[in-house]
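J.: Provided herewith is a single structure, encoded as structure tokens, for subsequent inquiry.
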Amino acid sequence: MSSFRLLIAAALALSLSACADSVSAPTAVQPLSAPSLASLRVSDISADAAAGVEMSDGDFGLICQKVRGYIQAQSPAVLASGDGTQLKMHLHFTRFDRGNAFARMMLAGLGQIHIEATVAFTDAAGAPAGTYTVSKDFALGGIYGGSTTVEDVEDGFAKSVAEIFKPKA
Amino acid sequence: MAIYHVAGTVLAACLLAGCASVVEGTTQPIAISTAPESGANCSVSNARGQWSTFSPGTVTVDKSESVLTVRCSKSGWSDAVLYVAPRVSNTAMFGAIVPYVGIVDAAVNASSGAAMQYPEAVVLTLARPDAPPAAH
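As you go down the protein sequences, you meet chains A and B in turn.
Under the working numbering, think of the first position of the first sequence as 1, with each following residue one higher.
Under the working numbering, think of the first position of the second sequence as 1, with each following residue one higher.
What follows is the structure in structure tokens.
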């Protein structure tokens, strides 16, 4: 009986970890230095996509809007004007699969949604100051999977990007 | 007995054209307002077209799976831009889970955009040109 409960708990944890708006930890390729993080000010957020990645201006605008919103909620000082290390943030999308809602509804694992991007920081002179990669996947099925759109997964992606500015314990 | 005829007609219509397409249509009105000032010239666009109005006002847009871009401008103020994501409508979700009918229903709704729904109203905040950028 206890192993059955353990199995249920493990399945639940696995399901929750893959929710559309859950956070996926960013991977540091070239981490921002600690002094930079403490006094960091992001003056501009922009986005583009690699060749072959289909995204519209609306997609770029919505994601930048969400990233800005989650940073504002979590680390408002980063977007405040004032003294500090002024950096520009650029999101370069290397993968943006909208998946297929009907396939997801029919069977978990089909019609998956994938978002993957490189988050690069540059200073006023254009010199690189830090680089991270952030990816967010969604593979759940059923009614939840079928009613989830790529825009829902963008919330999880944007939260993951905002994690970069979260003070490390 | 008449209720069966109505139910039968609706089911047949759903079979032929997708439940959400029939019940909710392929267009929807969206109320647009601006704060703190009204009277801004607002343009609304998605993958299916472009519409315009003055705030406060209402535009009837073609529904789509694409992001809706709302841009308002007024002299003396910085342009305000808001990006709005569509949601899957409950009717489309219901139609898609009906056995056998679902796959046709989902295909029709997806192609017509009827499966998606934008918010009924959006509010854009106008800022002075020298003000720091506001979070959306």
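The beta-carbon is built from N, C-alpha and C at its ideal position, and this holds for glycine as well.
Quick caveat: nothing in here was measured; it's all calculated off a predicted structure.
Based on DSSP bridge pairs, tell me the residues matched to Y144 (chain A).
T.: Its beta-bridge partners do not exist; DSSP assigns none.
J.: Of all the alpha helix (DSSP H) runs that stay within the bounds of the stretch 63–91 of chain A, which reach a length of 4 or more residues?
T.: Counting only runs of 4 or more, we get 76–79.
J.: Which value, in whole angstroms, describes the spacing of the CA atoms of A50 (chain A) and R95 (chain A)?
T.: Spanning the two alpha carbons is a distance of roughly 8 Å.
J.: I need the DSSP call for A158 (chain A), collapsed to helix, strand or coil.
T.: DSSP places A158 (chain A) in helix when its eight states are reduced to three.
J.: 8 Å is my cut-off, CB to CB: does L140 (chain A) come that close to chain B?
T.: No, L140 (chain A) lies away from the interface with chain B (no Cβ there is under 8 Å from its Cβ).
J.: Are the CB atoms of V53 (chain A) and R98 (chain A) nearer to each other than 8 Å?
T.: It is not a contact, given that the beta carbons lie outside the stated cut-off.
J.: Using a Cβ-Cβ cutoff of less than 7 Å, which residues in the same chain neighbour A139 (chain A) once the five nearest sequence positions on both sides are dropped?
T.: Cβ neighbours of A139 (chain A) beyond the five flanking positions: A18, A108, G109 and Q112.
J.: The alpha helix (DSSP H) that contains F102 (chain A), what's its start and end?
T.: First-last of the alpha helix (DSSP H) with F102 (chain A): A101 to M106.
J.: Using CA coordinates, which residue listed in A:D21, A:T27, A:T148 and A:A120 is at the minimum distance from K66 (chain A)?
T.: Considering only alpha carbons, the answer is A:D21.
J.: Quick one: is V88 (chain B) buried, meaning 16 or more other Cβ sit within 10 Å of its Cβ, or exposed?
T.: The residue is buried, with at least 16 neighbouring Cβ atoms inside 10 Å.
J.: Looking at the strands, I want to know which residues DSSP matches up with W51 (chain B).
T.: DSSP output for W51 (chain B) lists B:V44 as bridge partner(s).
J.: Please list the residues of the stretch 128–154 of chain A that have a C-beta atom closer than 9 Å to any C-beta atom in chain B, keeping them in chain order.
T.: Answer set for the stretch 128–154 of chain A: I143, G146, S147, T148, T149, V150, E151, D152 and E154.
J.: How about T59 (chain A) and V67 (chain B): are their beta carbons less than 8 Å apart?
T.: Here residue 59 (chain A) is Asp; the residue named in the question, Thr, does not match the sequence. In this structure, V67 (chain B) lies closer than 8 Å to D59 (chain A) by Cβ.
J.: Classify L16 (chain A): buried if its beta carbon has 16 or more other beta carbons within 10 angstroms, exposed otherwise.
T.: Since pLDDT at L16 (chain A) reaches only 47, below the 50 mark, its modelled position is unreliable, and no value is offered.
J.: Here's a check: name, in chain order, each residue in its chain whose Cβ is nearer than 8 Å to the Cβ of W51 (chain B), leaving out the five neighbours to either side.
T.: Excluding sequence neighbours, W51 (chain B) sits near S43, V44, S45, V59, T60 and V61.
J.: Within its chain, find whatever has a CB closer than 6 Å to the CB of V81 (chain B); leave out the 5 residues flanking it on each side and keep chain order.
T.: Once the five neighbours on either side are set aside, the close Cβ partners of V81 (chain B) are R71.
J.: Starting from the beta carbon of V67 (chain B), find every residue of chain A whose beta carbon is closer than 8 Å, and list them in chain order.
T.: Chain A residues near V67 (chain B): S56, G58, D59, G61, L62 and E151.
J.: List the residues of chain A whose Cβ lies closer than 9 Å to the Cβ of V88 (chain B), in chain order.
T.: What V88 (chain B) touches in chain A: A101, G146, S147, T148 and T149.
J.: For Q28 (chain B) and S147 (chain A), what's the separation of their Cα atoms in angstroms?
T.: Looking at the two C-alpha atoms, the distance is approximately 19 Å.
J.: Please determine if the stretch 32–51 of chain A and the stretch 73–90 of chain A are in contact, where contact requires at least 3 C-beta pairs separated by less than 8 Å.
T.: Touching, per the Cβ criterion.
J.: For T118 (chain A) and T133 (chain A), which I take to be in contact (beta-carbon distance under 8 Å), what is that distance rounded to the nearest angstrom?
T.: Confirmed, about 5 Å.
J.: Output needed for S73 (chain B): all residues of its chain with C-beta closer than 7 Å, excluding positions within five of it in sequence on either side, in chain order.
T.: Excluding residues within five positions, the ones whose Cβ falls inside 7 Å are A40, N41 and D79.
J.: Give me the Cα-Cα distance between Q72 (chain A) and T26 (chain B), rounded to the nearest whole angstrom.
T.: Using only the alpha carbons, I get a separation of about 35 Å.
J.: Cutting at 6 Å between CB atoms, please list the residues of its own chain near L124 (chain B), excluding the five before and the five after it.
T.: Excluding residues within five positions, the ones whose Cβ falls inside 6 Å are T34, C72, A80 and L82.
J.: What is the rounded straight-line gap between the Cα of S39 (chain A) and the Cα of F54 (chain B)?
T.: Taking the straight line from one Cα to the other gives about 41 Å.
J.: Give me, in chain order, the residues of the same chain whose beta-carbon lies closer than 6 Å to that of A101 (chain A); leave out the 5 immediate sequence neighbours on both sides.
T.: For A101 (chain A), where only same-chain residues beyond five positions count, the Cβ hits under 6 Å are G146.
J.: By a C-beta neighbour count over all protein chains shown, 10 Å radius and 16 as the cutoff for buried, is R104 (chain A) buried or exposed?
T.: Classification for R104 (chain A): buried.
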